[in-house]
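Report on the structure given below.
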Amino acid sequence: MSEISGKARHRRRKTALVVGVPLALSAAGVMGYGLVPGAQSPASAATPAAAPAWATATADGFASVNALGQNGTYGGRDGQIVTVRTLADLEKYATASEPYVIVVAATIDMNPVGKEIKVASDKTIVGSGTSGQIVGGGFFLGAGVHNVIIRNLTIRDAYQGVWNDKEHDFDAIQMDGAHHVWIDHNDLRHMADGLIDVRKDSTYVTVSWNKLSQDNKAFGIGWTENVVTDITIHHNWIRETEQRNPSTDNAAHAHLYNNFLEDVAGTDINSSYGNYSRGATRMVLENSWFQGVKNPVIKDSTATIVQKGNTFVATSGRNESGGTAFDPKSFYAYTLDKTADVPALLKSGAGPRSSIGTTTATTKAAAATTLTVAKDGSGQYSTVQAAVNAVPAGNPSRVVISVKPGTYRELVKVPSNKPHVTIQGSGGSRDDTVIVYNNASGTPKPDGSGTYGTGGSATVAVEADDFQARNLTISNDFDEKAHQNIAQQAVALRTAADKVFLDGVIVSGDQDTLLVDTAAKDKLGRVYMTNSYVIGNVDFIFGRATAVIDKSVITLKKRWDGSSAGYVTAPSTVANRKGILIANSTVNGDVSAASFYLGRPWHAGGDASLDPQTTVRNTSLSAAIKSTPWTDMSGFSWKDDRFAEYKNTGAGSGAASANRPQLTDAQATGQEIADWLGDWTPTAS
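Numbering (the working numbering), first residue to last: 701 to 1385.
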């Protein structure tokens, strides 16, 4: 197979010859494969019903398409689960005619070097945590082999000392005429020929979340005049490779997205080209990041490339596109990550995991999956957002992001397609783990596209249903004094989802600290906060959600100039919905007496159809609360909306009057916490 002309040959630097084991990633609360119930000794097996989530995972992309008599790619899901630690057992089960889930729980040396096990159909071969390693050889999938999954393995070190090796065809994974194959979360490196070869009309292939490195030829596709191969290549980190990154020859449909191609400066391995569309290939290339790559995107005159949303940093040479391709969504659904997030996302998420099926956006998560975050590198991720990015889109069950103590200065967004997420501090108190940033409404965006606006200023933004946060602090430390020339609203936490449970947290800011919103005006959004603190001074609990603050402390804070004046709530409730309920709580702070209102009506955008509501009941009010606790806002009278108290206590409480409405006992029975939450009972999970 000829390659782009003009490429240089390079000596391999000595450090590349070192045989190493990937750093084991901590996975607090998640068992490695060797400990998962259902993983058996080589001679035994579990029933399919006992199979853990990783054994029943199915592919996305082209490997998920119903074609050639195969409805998607699910490997050995319907067969027995066996654990192997020897070459003999691995080969026995991989070549068997029956379906198997084969858990590789040791480092297996190929004998002879260069051996490629001939995998039969209906197999899942998966590494046990990071201990599954194949050294000195790989796997071969021949003509007609189908429904094969290879995941979470390190396949390495068949290198024979010749950089552009023409004598030894020692690949990590080679397929000749196979179909419906999923290659996911592997570390492939330092082989004698290619890392992945998809040849001879192999099709319906997905290659995702792999690390490909330290090799002359990374990933070749083609070797035939027939234009039949359909392949999806997404979320792969390709670095320190010279060519075939990938080279795609005569592919009917090649969809590449969210890949990270990196030519590392200062090494002896230099890229000659990146993504190559050859022959009659039709390629769609989306939201990928190219760093330092020579000739990052190239095409033959007969091939097509449609580029969308890619980023090129310090690249040189050819960067080409042209022709028409195809719409991948006509074959399967997929979600693009932002291009800017790709390098960090793949550095933290590509390659073998301590427990796959719990850390990748391509796999459905099992119940009570735990991802760990630690600034010092002792967790699976060093940022909270990287862990959020690893949660599967559409995940069906709880994923707990356990954040070790420390201050995480970052923006965090939980998008709407990632429900059932918990972000939880693992320290002894909620002060130990802090997520903080300092954007304000008037802060200019780095790309020059305007300012963030109030909602966009949030340190943590939650758009996914069934979200939980506990035992941590979420803060916006925008410096109002230093930035008097811009809009001061600075949100710490924004929720725009239903069934949001905040338990044992501190939400801290100044103006507009806690925005409890909904996904849309016609959408229900319920928030329940308990055993928590909310700190601020102006409208610092606000929005149109149906929100309960229960058994919590609302701390009033002086303004930047030392003055005491403010508003606790600013509801913008839709008519016929419940607004903000503060119950069984305490409102206090180091501020002047009679300086704070309990609330005012926010008719967002001047919308007169809104019917803002705040009820404060069974709560201790300090002397800081005004004797007339409600006030007007932007031309709208609080008396036209729904503001009331019931059985509050403390120096700031007061008797019923025209300016201080109190619920009757009968009215109070309809304004209980259960009335706000309806059919939802918040439960820690």
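For glycine and all other residues, C-beta sits at the position ideal for the given N, C-alpha and C.
By the C-beta criterion, the segment 1089-1109 is judged not to be in contact with the segment 1149-1156, since fewer than 3 inter-stretch pairs fall below 8 Å.
In the three-state reduction of the DSSP assignment, K1221 falls in the coil class. Partner residues in the beta bridge of W989, as assigned by DSSP, are F960, T1011. Just measuring C-alpha positions, the residue of T1315, T1286, P1329, K1181 sitting nearest S1263 is K1181. Counted as a single uninterrupted DSSP element, the beta strand (DSSP E) harbouring A1169 occupies residues 1168-1176. When secondary structure is reduced to three states using DSSP, L790 falls in the helix class.
A buried status is given to D897, since no fewer than 16 other beta-carbon atoms sit within 10 Å of its beta-carbon. Setting aside the 5 residues that flank it on each side, A755 is surrounded in the same chain by G738, G776, R777, I781, V801, T824, V826, each with a C-beta closer than 8 Å to its C-beta; the list follows chain order. Every beta strand (DSSP E) of 3 residues or more that sits fully in the segment 863-900 is shown, in chain order, as 873-876, 879-884, 887-889, 894-899.
Looking only at S1157, P1115, V1234, the smallest Cα-Cα distance to T1173 is reached by V1234. Counting only runs that start and end inside the segment 1208-1277, the beta strand (DSSP E) elements of at least 3 residues fall at 1214-1217, 1226-1230, 1233-1236, 1238-1243, 1246-1250, 1253-1256, 1266-1271.
Taking A872 as reference, the option from G814, Y904, T906 with the minimal CA-CA separation is G814. When the Cα atoms are used, A759 and S797 turn out to be separated by approximately 21 Å.
Around N1359, the same chain offers T1328 as residues with beta carbons nearer than 7 Å, after the five sequence neighbours per side are excluded.
Look at D1027 here: in three-state DSSP terms it is coil, with no helix or strand label.
Take T1273, set aside five residues on each side of it, and the residues of its chain with a beta-carbon closer than 7 Å to its own are R1244, G1279, L1310, D1311, P1312, Q1313, in chain order. Nearest to N958 by alpha-carbon distance, out of S971, Y1034, N916, is Y1034. Per the coordinates, the alpha-carbon of A1275 lies some 22 Å from the alpha-carbon of E1163.
Contact between the segment 902-914 and the segment 1004-1011 is absent: fewer than 3 CB-CB pairs across the two stretches fall below 8 Å.
The beta-bridge partner set that DSSP reports for K999 consists of S977.
Note that the segment 938-953 touches the segment 913-927; at least 3 beta-carbon pairs, one per stretch, sit closer than 8 Å. If you check the CB distance, I1249 and F1296 do not come in under 8 Å. Runs of alpha helix (DSSP H) with 4 or more residues, each lying fully within the segment 1128-1196, are found at 1153-1156, listed in chain order.
The beta carbon of S1021 lies closer than 6 Å to those of I1005, Q1007 in the same chain, with the five residues before and after it left out.
Contact check for V1216 against F1240 fails: the beta carbons are separated by 8 Å or more.
Contact annotation: P1028 and V984 have beta-carbon atoms nearer than 8 Å. In the DSSP annotation of this structure, G1049 is not part of any beta strand (DSSP E); the continuous alpha helix (DSSP H) holding it starts and ends at 1042-1049. Per DSSP, the beta bridge partners of E1345 are V1316, Q1362. Take the alpha-carbon of W937 and the one of I1123: they are about 27 Å apart. Counting the other CB atoms within 10 Å of its CB gives D968 a total below 16, which places it among the exposed residues.
Here T903 carries a strand assignment [DSSP, helix/strand/coil].
Of the candidates K1221, Q1362, D809, K1221 places its Cα closest to the Cα of D1307.
Around the beta carbon of L790, 16 or more other beta carbons lie within 10 angstroms, which makes this residue buried.
Under the three-state reduction of DSSP, Q943 is assigned to strand.
Put simply, the segment 1086-1098 does not touch the segment 883-899. Fewer than three CB pairs are less than 8 Å apart.
The C-beta separation of T1230 from K1251 comes to about 5 Å, placing the pair in contact by the 8 Å criterion.
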